[in-house]
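Q: The following block contains the structure, expressed as structure tokens.
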Amino acid sequence: FNPNTELKKHAADIASQIVNDYKAHPIVVQKSTSVYDAIVQIFLEDVGTLYAVDKNGFLSGVISRKDLLRAAIGNTNLEELPVSVIMTRMPNIVTVKPEETLLDAAKKLIHNHIDSLPVVRESETEPNMIEVIGRITKTTITRAYAEMLEI
Ligand code: ADP
Numbered sequence: 060f061n062p063n064t065e066l067k068k069h070a071a072d073i074a075s076q077i078v079n080d081y082k083a084h085p086i087v088v089q090k091s092t093s094v095y096d097a098i099v100q101i102f103l104e105d106v107g108t109l110y111a112v113d114k115n116g117f118l119s120g121v122i123s124r125k126d127l128l129r130a131a132i133g134n135t136n137l138e139e140l141p142v143s144v145i146m147t148r149m150p151n152i153v154t155v156k157p158e159e160t161l162l163d164a165a166k167k168l169i170h171n172h173i174d175s176l177p178v179v180r181e182s183e184t185e186p187n188m189i190e191v192i193g194r195i196t197k198t199t200i201t202r203a204y205a206e207m208l209e210i
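Put into structure tokens, the structure is as follows:
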């Protein structure tokens, strides 16, 4: 019995867990949604990030709490301001695919200084368009690792 080898085996098991098995439900809004309604939505859904989609349902932007705060400080009419003006847009969105590992996702969150990643797949009908099928957040990853390490 070599504790180091055993430990490495467990570490490898943990590292190989895939995003698809841990992803959470994505909270999505139309990109024409007002900043006011997005703020309401972020409270109702109790999330830190919303994903914006276009009319066809394809990923178009990411809206974080800080994006909404920044917009709220600088603007008076939040009911008239669409989230498309303040969101982080494609192609600057960092995404993760369902078959990538949780460790890949964790590294992307850390390297890009962000709290969440949309889990995506390419559209089968529209080339270069992507669909949001979930989200991975710092909370999802922390929970997954805590569960795996609980003996
Ligand atoms: P918060 O703004 O609440 O601190 P984040 O740290 O996740 O939340 O967001 C910081 C900035 O990064 C925001 O401007 C947000 O739009 C952007 N952002 C968040 N998630 C992503 C992502 N997956 N890809 C690209 N940009 C993102």
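Take the sequence shown: its letters are residues 60 to 210, numbered as in UniProt numbering. In this text, a Cβ means the ideal position worked out from N, Cα and C, and glycines have one as well. Quantities reported herein were computed from a predicted structural model and do not represent experimental measurements.
#1: Among L162, I189 and V144, which has the Cα closest to the Cα of T201?
#2: With distance defined between alpha-carbon atoms, name the residue in H69, N79, A70 and G193 nearest to residue 235.
#3: Nearest by alpha-carbon distance to Y110: which of V87, I101 and E139 is it?
#4: Three-state secondary structure (DSSP) at L118?
#5: My parser needs the alpha helix (DSSP H) runs of 4 or more residues fully inside the UniProt domain "CBS" (146 to 210); what are they?
#6: Around the Cβ of E190, are there at least 16 other Cβ atoms within 10 angstroms (buried) or fewer (exposed)?
#7: Between the C-alpha atoms of P62 and D72, what's the straight-line distance to the nearest angstrom?
#8: From this set, V99, Y204, K114 and T64, which residue's C-alpha is nearest L128's C-alpha?
#9: In chain order, what are the residue ranges of uninterrupted beta strand (DSSP E) at least 3 long that sit wholly in the UniProt domain "CBS" (81 to 139)?
A: Working from what's here:
#1: Nearest to T201 by alpha-carbon distance, out of L162, I189 and V144, is L162.
#2: In this structure the chain extends from 60 to 210, so residue 235 is not present and cannot be described.
#3: Taking only the C-alpha atoms, the option nearest Y110 is V87.
#4: The DSSP-derived three-state label of L118 is strand.
#5: Inside the UniProt domain "CBS" (146 to 210), DSSP marks whole alpha helix (DSSP H) runs of 4 or more residues at positions 161 to 171 and 197 to 208, from first to last along the chain.
#6: Under this definition E190 is a buried residue.
#7: Distance between the alpha carbons of P62 and D72: 15 Å.
#8: With distances taken between Cα atoms, L128 lies closest to V99.
#9: The qualifying runs are 87 to 89, 108 to 112 and 118 to 123.
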